[in-house]
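Under this note's numbering, the first residue of the sequence shown is numbered 190, with each subsequent residue one higher. From the three backbone atoms N, C-alpha and C, an ideal C-beta is built for every residue, glycine too. Keep in mind it's a predicted model, so treat the numbers as computed, not measured. Notes for the one structure printed next.
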Amino acid sequence: MTDFEFKSQYDIGDLIRIMEILRAPGGCPWDAEQTHESIKKNLIEETYEVIEAINKDDKELMCEELGDLLMQVVFHAQMEKENNVFDFSTVADGVCKKLIERHPHVFGDVSVSGVGDVLTNWDAIKRKSKGQKSTTQAMQSVPRELPALMRATKLQKKAADAGFDWSEVNGALDKLEEEIGELRRAVENNDKANMSEELGDVLFSAVNVSRFIKSDAEEALTAANDKFLSRFTQVEALAAERGIDMRSSDISELDKLWDEAKAKEIM
Numbered sequence: 190m191t192d193f194e195f196k197s198q199y200d201i202g203d204l205i206r207i208m209e210i211l212r213a214p215g216g217c218p219w220d221a222e223q224t225h226e227s228i229k230k231n232l233i234e235e236t237y238e239v240i241e242a243i244n245k246d247d248k249e250l251m252c253e254e255l256g257d258l259l260m261q262v263v264f265h266a267q268m269e270k271e272n273n274v275f276d277f278s279t280v281a282d283g284v285c286k287k288l289i290e291r292h293p294h295v296f297g298d299v300s301v302s303g304v305g306d307v308l309t310n311w312d313a314i315k316r317k318s319k320g321q322k323s324t325t326q327a328m329q330s331v332p333r334e335l336p337a338l339m340r341a342t343k344l345q346k347k348a349a350d351a352g353f354d355w356s357e358v359n360g361a362l363d364k365l366e367e368e369i370g371e372l373r374r375a376v377e378n379n380d381k382a383n384m385s386e387e388l389g390d391v392l393f394s395a396v397n398v399s400r401f402i403k404s405d406a407e408e409a410l411t412a413a414n415d416k417f418l419s420r421f422t423q424v425e426a427l428a429a430e431r432g433i434d435m436r437s438s439d440i441s442e443l444d445k446l447w448d449e450a451k452a453k454e455i456m
């Protein structure tokens, strides 16, 4: 076995060393054959598991999941260390320098009056450091790989910061209704080429409304998903109690069960 010191408590240096051992000859065959591409989805999954722990306010689970997420960072850094490109210390150095640079009110002599100034300074420093001279360049830097609702929110905010926005929520609501009308016409005309595009416009416009009412679109849809699941569970239970075959029942009959399930939530 590779020389390794077992301890009662380990630190980040030990985690880096363990990953080196797992990837080295004589280590773990599975770990050794992984690439950035092969494990990139694991990074996303571990991130969502951290979010789940936060939503549950489960501190023990959060600690565990943060460790799993940190392991993914160490895993990717180790691959590039083997290629002599960068290592974990390079990653840590880079983020430390970024934090120092983007907090001149803490590490420099810049004065701020509140959170608004902090965010304004952050965006300005970020654009300067990345060489972004226009809002278009800043928008193009928003990763396409983000969840679509989240990406739409970020794109719209950057456009709004440049002055391209409705003055109040009614403008956004009118645009949403306009897009729904265009989707309805595409469906009525069986215009399959435009249905998907118009649906995308409806979703994009709905996100715009969410910004004005200060509701996170991702969180709002997650809550709607949870509500639908809860009500459907009730509908299925009611149907089973009454011997109703959901697959062969008329939608109007099922809709009555839905209303009944909805009423139970209010009670």
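According to the DSSP assignment, T236 belongs to the alpha helix (DSSP H) that extends over H225 to K245. Where M435 is concerned, there is no enclosing alpha helix (DSSP H), because DSSP gives it neither an H nor an E. Going by DSSP, R333 is part of no alpha helix (DSSP H) at all; its letter is neither H nor E. A distance below 7 Å between beta-carbons, with the five flanking residues on each side excluded, links L443 to the following residues of its chain, in chain order: V424 and M435. Contact holds between the region 337-353 and the region 387-396, because three or more Cβ pairs, one in each stretch, are under 8 Å apart.
CA-to-CA, the gap between V239 and V262 works out to about 14 Å. At the C-beta level, R212 and E269 stay beyond 8 Å of one another. Given a length threshold of 4 residues, each whole run of the alpha helix (DSSP H) inside the region 298-359 is given here in chain order: 304-318, 324-329 and 337-350. Spanning the alpha carbons of A349 and D390 requires a straight line of approximately 18 Å. The shortest CA-to-CA distance from L204 to any of R316, S278, L427 and K248 is the one to S278. The three-state reading of DSSP puts C285 in helix, counting H, G and I together. In the structure shown, the three-state DSSP call for D380 is coil.
For P214, there is no enclosing alpha helix (DSSP H), as DSSP gives it neither H nor E. Counting the other Cβ atoms within 10 Å of the Cβ of F264 gives 16 or more, which makes it buried. Contact between the region 405-422 and the region 357-370 is absent, with fewer than three C-beta pairs closer than 8 Å. C-alpha of K315 to C-alpha of H292: approximately 11 Å in a straight line. Nearest C-alpha to A428 among V280, D448 and Q267: D448. Note that the region 343-359 touches the region 315-335; at least 3 beta-carbon pairs, one per stretch, sit closer than 8 Å.
DSSP, reduced to helix, strand and coil, places R291 outside both helices and strands of the structure shown, so it counts as coil. The three-state reading of DSSP puts Q198 in coil, since its state is none of H, G, I, E or B. Taking a C-beta distance under 8 Å as the contact criterion, E254 and E234 do not qualify as a contact pair. For K248, the uninterrupted alpha helix (DSSP H) run begins and ends at K248 to E271, by DSSP. Between V280 and A266, the C-beta gap is smaller than 8 Å, which places the two residues in contact. DSSP places D415 in the uninterrupted alpha helix (DSSP H) bounded by A406 to E430.
Between L232 and A242, the C-beta gap is not smaller than 8 Å, which leaves the two residues out of contact.
DSSP places D276 in no alpha helix (DSSP H); its state is neither H nor E.
Comparing C-alpha distances from D257 to each of D246, I228 and V376 shows the shortest one belongs to I228.
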